[in-house]
Amino acid sequence: MQLDVLSRDLRPLDASGGPTAVVLTVLGDLDMAGAPSLRQAVVTVVDSGARLVVLDLTAVDFVDSAGLGVVVGALRRLRTHDGDLVVVCPEPRIRRVFEMCDLDRVFALHRDVDAAATAMAGRALA
Amino acid sequence: MNEVPVAGIELTVPPHPEFLQLVRAVVGAAAVSGGGTESPLEPGRVADLRLVVSEAVTNAIEAQSAIGAPDRVLIRCRVGDDKVLVEVMDHGPGFDPDAVPDLPDVETPERLRHESGLGVALMHRLADKAEVESGPDGTTVRLTIRPS
Chain L
1 MQLDVLSRDL RPLDASGGPT AVVLTVLGDL DMAGAPSLRQ AVVTVVDSGA RLVVLDLTAV
61 DFVDSAGLGV VVGALRRLRT HDGDLVVVCP EPRIRRVFEM CDLDRVFALH RDVDAAATAM
121 AGRALA
Chain P
1001 MNEVPVAGIE LTVPPHPEFL QLVRAVVGAA AVSGGGTESP LEPGRVADLR LVVSEAVTNA
1061 IEAQSAIGAP DRVLIRCRVG DDKVLVEVMD HGPGFDPDAV PDLPDVETPE RLRHESGLGV
1121 ALMHRLADKA EVESGPDGTT VRLTIRPS
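Respectively, the protein sequence lines represent chains L and P. Under the working numbering, think of the first position of the first sequence as 1, with each following residue one higher. Under the working numbering, think of the first position of the second sequence as 1001, with each following residue one higher.
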């Protein structure tokens, strides 16, 4: 298996029990072969009502432009539903691909899920 | 490829995305092993090599899928003393490399409508040399990677 996507709910983003984010953890190679799995996972969580998604790429071994395209599509899908997406990307060689395509100007790239959740909570409460 | 290579590999794969990982692994291993001699590339440049090869083969697969061409995609990798050369040849319908449109500015909402179009730019950015020959019988991409 080249790519797997695990989904779990994140704790409520604020003490009042406000919006809950979904974490999508991606494992494997995010390329043309793996892209459909991630695309389907995003469709599934958005269809189930999620509007805030943390995309965790910590366990991604490889990403290319086809993989980045799916991440762009995921952000578009969420924003269409008044949602948002943040990315966890601690690995320099994966982060570098985002930077080379200037997509670090589109996505907030965080070092871990806690940092991403904190940033997302700030947006949700704004 | 004008210079005699130290070592090299050649493989053909069916035009299916499931073979991308294999291509990256084989080309990356060839560059690392250097055919028994010391590799000309440091690990970061091997990662760049794997990325540009993935982009080239992805484009080849897409091109052949567009016309339903079942021919295998050919990948040649030659490891020299100071560089790695890769050729990717497909049997797609060809395209005009000079007519690839630029993407909208990354900070505009319009940019989010484009999920593709970054591959050729990445190849030109990461490879020391990226040549594209394209015609109605297919496309050949030649990539040169040198140490950084």
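Where is the CB? At the ideal position from N, CA and C, for every residue including glycine.
Query - is_contact[D64(L), chain P] using C-beta, thresh 7 Å - result: yes
Query - Contacting positions in the stretch 1005-1033 of chain P - beta carbon closer than 9 Å to chain L - result: H1016, P1017, E1018, F1019, L1020, Q1021 and R1024
**Report entry** D1128(P) to L1143(P) span [Cα, whole Å]
**Finding:** 8 Å
Query raised in the report: Starting from R51(L) and walking both ways along the beta strand (DSSP E), at which residues does that stretch end?
Result: Per DSSP, R51(L) belongs to no beta strand (DSSP E) and is neither H nor E.
**Report entry** Status (buried if at least 16 other CB within 10 Å, exposed otherwise) for V1032(P)
**Finding:** exposed
Query raised in the report: Given V1088(P), which residues of its chain have a CB within under 6 Å of its CB, disregarding the five upstream and five downstream residues?
Result: A1056, V1057, A1060, I1075 and V1141
**Report entry** Near-chain P residues of the stretch 84-115 of chain L - C-beta to any C-beta below 8 Å
**Finding:** R93, V97, M100, C101, D102, L103, R105 and V106
Query raised in the report: With a Cβ-Cβ cutoff of 7 Å, do G1092(P) and Q1064(P) count as a contact?
Result: yes
Query raised in the report: Which bits of chain P does D31(L) rub up against, with CB to CB less than 8 Å?
Result: P1017, L1020, Q1021, S1054 and T1058
Query raised in the report: Between A1047(P) and chain L, is there a C-beta pair that is closer than 7 Å?
Result: yes
Query raised in the report: Using the beta-carbon count (16 or more within 10 Å), is P1017(P) buried or exposed?
Result: buried
Query raised in the report: Whose C-beta lies closer than 7 Å to the C-beta of V113(L) among residues of the same chain, with five residues either side of it excluded?
Result: V23, V54, D56 and V88
Query raised in the report: Which of helix, strand or coil does DSSP assign to L1103(P)?
Result: Reduced to three states, the DSSP call for L1103(P) is coil.
Query - Residue environment, I1067(P), which counts as buried when at least 16 other CB atoms sit within 10 Å - result: I1067(P) is exposed by the Cβ-count criterion.
Requested in this report: Pick helix, strand or coil for D1048(P), following the three-state DSSP scheme.
Outcome: In the three-state reduction of the DSSP assignment, D1048(P) falls in the helix class, which pools H, G and I.
**Report entry** Completely contained alpha helix (DSSP H) runs for the stretch 34-106 of chain L, where each covers 4 or more residues
**Finding:** If only complete runs of 4 or more residues are kept, the stretch 34-106 of chain L shows the alpha helix (DSSP H) at 35-47, 65-80 and 92-100, in order along the chain.
Query raised in the report: How is the beta strand (DSSP E) around M1089(P) delimited, first residue to last?
Result: V1084 to M1089
Requested in this report: May I ask you to report which of helix, strand or coil DSSP gives A1069(P)?
Outcome: A1069(P) carries a coil assignment under DSSP once its states are collapsed to helix, strand and coil.
Query raised in the report: In or out: H110(L) buried (at least 16 other Cβ within 10 Å) or exposed?
Result: buried
Query - Sequence-distant residues of the same chain with beta carbon closer than 6 Å to E1069(P), five excluded per side - result: Note that residue 1069(P) is Ala in the sequence shown here, rather than Glu. Correct list, in chain order: H1091.
Query raised in the report: For the 8 Å Cβ check, are there 3 or more pairs between the stretch 1120-1134 of chain P and the stretch 73-80 of chain L?
Result: no
Query raised in the report: Would the beta-carbon of K1083(P) fall within 7 Å of that of R1146(P)?
Result: yes
Query - Within chain L, partners of V1106(P) - CB distance below 7 Å - result: D102, L103, R105 and V106
Query raised in the report: the stretch 42-76 of chain L: which residues have C-beta closer than 8 Å to a C-beta of chain P, in chain order?
Result: F62, D64, S65, A66, L68, G69, V70, V72, G73, L75 and R76
Query raised in the report: At a Cβ threshold of 7 Å, is Q40(L) touching chain P?
Result: No, Q40(L) does not count as interfacial toward chain P.
Query raised in the report: In the structure shown, what three-state DSSP assignment does L1041(P) receive?
Result: The three-state secondary structure of L1041(P), taken from DSSP, is coil.
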